[in-house]
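First the structure, in the form of structure tokens, and then the observations on it.
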Amino acid sequence: MLSSKQRKKLSFEFFPTRTPEGRAKQVITRKQLSQFDPEFFSCTSGAGGSTKEGTMQAIQDILSEGMAAAPHLPCVGMQPQEIINLLNEYKSLGVRHIVALRGDIPSGMGAGLGGLRYANELVSLIKTEFGSDFHIEVAAYPEYHPQARSAEDDLNNFVRKAKAGADSAITQYFYNADAYFRFVDDVHGRGVDIPIIPGIMPIASFSKLARFSDTCGAEIPRWLRLKLQSYADDTASIKALALDVVTDMCERLLREGAPSLHFYTLNQAGLVSTICQRLGY
């Protein structure tokens, strides 16, 4: 358990839901997580505005609950004026925190894509049009973006986003704390000192985690992958090991200087709550 000085602010991410039942469940989940006094709740958004209505609804719900809300804003394929209009709408609602992302390129668009193409362009647009009205969060990849040409190229991409005006960053999830600390050291060496917040993914299902990790480039350490595989369908053993591994990593991250933690909740409170309680929140 961490000391009071080591316990830092937390934040929690949701994804938009399509049903009234899902929306009601999110309200309950956020109420459970509110006990940890989060800095904000964020909500993802599909590229090209594919989940715009769901994201907007979730953001309005979060604000109505008296919490700070941070919508994800993927820019790929969006025209500057579309983005400005959306940001004005968020600003009018009381949003002061934006997660600025490139986003996934929609299938089949590729070279024919118009509008903004990179997150650093989005950050520059927000700073030019809105100044300091929004706290701008960007993405970081301690184990490097799966589409990066090289580790060096990925670091340079991150530096461009930071120097365009980002205020802080949230990482892709990882299970190797050394990768995080190396990434922070590398970007500090390039003159970037914005806070870089570790993204934390609790493990509920090994098979789902493995599929997702293979797609997004997050590494599951070999020892952990083999150990989880050995449990097969023994969900209780998977949960017990995963909780220990993730909690221990969070303790080390905070103890050794991470500014806070950002949890990918997958719209569930149970595992996240257990980890937070074990950390002393």
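In the numbering used here, the protein residues as written are 629 to 909. We treat Cβ as the ideally placed atom computed from N, Cα and C, and that holds for glycine.
Note on D782: 16 or more other CB atoms within 10 angstroms of its CB, so buried under the neighbour-count rule. By the CB criterion at 8 Å, L701 and L729 fall inside the cutoff. Boundaries of the alpha helix (DSSP H) harbouring V900: G898 to L907, taken from the DSSP string. For L750, the enclosing alpha helix (DSSP H) starts and ends at A747 to F758. Exposure of A860 is indicated by the presence of fewer than 16 other C-beta atoms within 10 angstroms of its C-beta. Distance check between S670 and each of F786, F758, I798 and E649 places I798 closest, using alpha-carbon atoms only. A870 is classed as buried because its beta carbon has at least 16 other beta carbons within 10 Å across all chains shown.
Rounded to whole angstroms, the separation of the alpha carbons of N784 and A697 is 29 Å. Collapsing the DSSP output to three states places S673 in coil. Secondary structure at L744: coil, using DSSP grouped into helix, strand and coil. Apart from sequence neighbours up to five positions away, the residues of its chain that approach M695 with a beta-carbon distance below 8 Å are R658, S662, P666, F668 and F669, ordered along the chain.
Residue environment for E765: buried (at least 16 other C-beta atoms within 10 angstroms of its C-beta).
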